[in-house]
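> Can you read through this structure? Questions will come right after.
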Amino acid sequence: DHTYVNWRVKATYEDGNKTNFPQGSWYTTWSSCWQNNGEYGGVDANAALDGCAESESTPGFAAVLTLAGLGAAAVITRRD
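Here the sequence shown is numbered in my numbering, starting from 11 and rising by one per residue.
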């Protein structure tokens, strides 16, 4: 299990130029439940089930963040 996921988009233009979004570093998507050495932690950890709750307190947050990043990359790419 991960506490976060790093990701970025690499745009390749028709003229051969390439750009990373975001420039420099990576986007980071955080989790509210994680496992470390067999023990679960975070605000959505469920000790009774020895794992994570059925749903996190921010459902779909990672998907929204991912779609926003991809949308921004597409808009910037299509400007030319």
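We put the beta carbon where it would ideally sit given N, CA and C, even for glycine.
From this set, L80, L59 and T39, which residue's C-alpha is nearest G48's C-alpha?
L59
> With a Cβ-Cβ cutoff of 7 Å, do D54 and S42 count as a contact?
yes
> Among all the DSSP beta bridges, which residues are the ones paired with D44?
Residue 44 is actually Trp in this sequence, not Asp. DSSP, once it has assigned bridges, lists G51 as partnering W44.
> Please report the residue range of the beta strand (DSSP E) in which A21 lies.
V19 to T22
> For T39 versus A72, is the C-beta spacing smaller than 7 Å?
yes
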